[in-house]
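A.B. asks: Following this message is one structure expressed as C-alpha cells.
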Amino acid sequence: MAELIDGKQIAADIRAEVAQAVKQLAAQSVKPGLAVVLAGEDLASAVYVRMKAKACEEVGIHSRVILLPAETNQAELEKIIDELNADPAIHGILVQLPLPPQIAERSIIWRIDPAKDVDAFHPVNVGRLAVGDSDAFRPATPAGVIELLLRSGHDPSGKLAAVVGRSNIVGRPLATLLSLNAKGGNATVTVCHSRTPNLFGITRQADIVVAAIGRPEFITKEAVQPGAVVIDVGVNRVDDAGSEKGYRLVGDVAFDEVAEIAGAITPVPGGVGPMTIAMLLSNCVKAARSIASTA
Ligand code: NAP
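Quick note: to get the numbering used here, add 12 to the position in the sequence shown (first position is 1).
In C-alpha cells, the structure reads:
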C-alpha cells in the first residue's frame with residue numbers, strides 16, 4: 013500500500029513558517045497585505061475567497077476582500093487594480109478567476125504590478141520563472157506540488173516525471189518548475205494533454221506522475237508503474253446519493269486502485285488543495301519583503 017503524502021500537515025508546517033516570517037517583518041514595521049478581488053457571484057469563487065482571507069488572518073497577514081457586482085466593467089476593474097498597485101498597505105493582489113464575460117481577463121492580469129502579482133500569472137513573472145530566476149514568484153498550486161514532493165522525501169532530481177495537463181495555472185508552470193536546474197527541479201519531464209497518443213504508456217514509465225486534468229479518476233492503475241509517486245491536483249464533484257450533500261469530491265486519480273501499487277500518493281481532499289493556499293501566503297510574505305527592501 014502506498015505511503016500517504018499528507019498535504020494538510022505539510023501545509024500546516026508551511027503556514028507556521030509563514031506566521032514566523034510575518035513576525036520577523038513586524039519587527040521591521042512591515043505588515044504584509046493581500047487584496048483579493050472577486051467580481052460576480054460565483055459560489056465556488058466566493059468560498060475560495062473566504063478561505064484565503066481566513067488563512068491570511070491566521071498567519072497575521074492583513075487581507076482586504078473587494079467584492080464587486082457581476083456587471084462591473086473593464087474600466088471599473090482596471091481603476092481598482094491601479095489603486096491597489098499604488099496602495100503601500102497592499103503587497104499582494106489576487107484577482108479571483110473566472111471573471112465575468114464582459115471583462116478581458118488577460119488585460120486585467122497584465123495590469124497588476126508584477127511586484128504584487130502573488131498568483132504569478134503576469135507574463136513578467138511567468139518569464140522570470142521560465143528563465144530560472146530564483147527570486148521569481150512561483151504560482152501557488154505548482155509550487156505546492158514541488159513542496160509536497162520535497163517535504164515528503166521525494167526529490168524530483170534525476171527522476172522521470174509525467175505531468176498530465178498543460179494549463180497555464182497548473183500543468184505548464186509545474187513542468188517548468190520540475191525541469192529547472194534548481195531545488196525541486198532537475199527532473200526529466202514529459203507534458204501530456206488531450207492530444208497525447210498512448211498517454212498511459214508514457215505515464216507508466218514515470219517515477220513521478222502528476223494529474224492536473226479535471227477528469228474524475230482518469231488515472232487508473234494501468235497508468236502507473238509500481239512504486240511511482242502520484243500527485244493528484246484534480247478536484248471534481250461526482251454524484252453520490254449516499255452522501256448528505258448528494259456529491260463527493262474526487263481527484264483525477266482512481267485513488268483506491270492506484271494506492272495499491274504506487275509508492276506514495278496524495279489524497280483528495282487533503283493533498284494538493286491545502287498547499288495552494290499555504291503557498292499563496294508564502295508569496296505574500298515574499299512580496300512584502302521584496303517591496304519593503306526596495307522602499
Ligand atoms: P484546465 O485548464 O481545464 O486544463 C486541463 C488540462 O488537462 C488541459 O491541458 C487538457 O488538455 C488536459 N486534459 C483534459 N482532458 C484530458 C484527457 N482526457 N487526456 C489528457 N489530457 C486531458 O484545468 P486546470 O485549471 O489545470 O485544473 C486541472 C484540475 O486541477 C481541475 O480538476 C481543477 O479543479 C484542479 N485544480 C486544483 C487546484 C488545487 O488547489 N487543488 C488548483 C487548480 C486546479 P488540452 O490542453 O489538450 O485541452
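C-beta: ideal position from N, C-alpha, C; glycine also. Remember, it's a predicted structure, so these values are computed and weren't measured experimentally.
#1: Which of the three DSSP states, helix, strand or coil, is assigned to Ala-58?
#2: Could you pull out every residue in the same chain whose Cβ sits closer than 7 Å to the Cβ of Arg-260, ignoring the five residues on either side in sequence?
#3: Curious, which full-length beta strand (DSSP E) runs of at least 3 residues does the stretch 227-307 contain?
#4: Identify the continuous beta strand (DSSP E) that holds Ala-152 and give its terminal residues.
#5: What's the C-alpha gap between Glu-69 and Ala-24?
#6: Can you tell me which residues form a DSSP beta bridge with Ile-10?
#7: Whole alpha helix (DSSP H) runs in the stretch 17-51 with 4 or more residues, listed along the chain?
#8: Between which two residues does the alpha helix (DSSP H) carrying Thr-188 extend?
#9: Determine the direct distance from the alpha carbon of Ile-124 to that of Lys-298, and round the result to whole angstroms.
#10: Among Leu-50, Val-30, Pro-44, Met-63, which residue has its Cα nearest to the Cα of Ser-305?
#11: Tell me whether Asn-137 is buried or exposed, calling it buried when 16 or more other Cβ atoms sit within 10 Å of its Cβ.
#12: Does the distance from the CB of Gly-246 to the CB of Ala-223 come in under 7 Å?
#13: Just verifying my parser: in three-state terms, what is the DSSP assignment at Val-221?
#14: Reducing DSSP to helix, strand and coil, say where Ala-173 ends up.
#15: Give the C-beta separation of Leu-211 and Ile-73 to the nearest angstrom, bearing in mind that I take them to be a contact with Cβ-Cβ under 8 Å.
#16: Is it buried or exposed for Ala-290, if we count other Cβ within 10 angstroms and need 16 for buried?
#17: In angstroms, rounded to a whole number, what distance separates the CA positions of Gly-263 and Arg-227?
#18: How about Val-221 and Ala-174: do their beta carbons lie closer than 7 Å?
C.D. replies: Quick look at the numbers:
#1: helix
#2: Val-250, Asp-252
#3: 241-244, 248-251, 259-262
#4: That residue, Ala-152, is in no beta strand (DSSP E); its alpha helix (DSSP H) goes 152-163.
#5: 14 Å
#6: The question about residue 10 has no answer here: the residues shown for the chain are numbered 13 through 307.
#7: You should have 19-39.
#8: Note, Thr-188: alpha helix (DSSP H), 183-191.
#9: 16 Å
#10: Pro-44
#11: buried
#12: yes
#13: strand
#14: strand
#15: About 40 Å; that fails the 8 Å criterion.
#16: buried
#17: 8 Å
#18: yes
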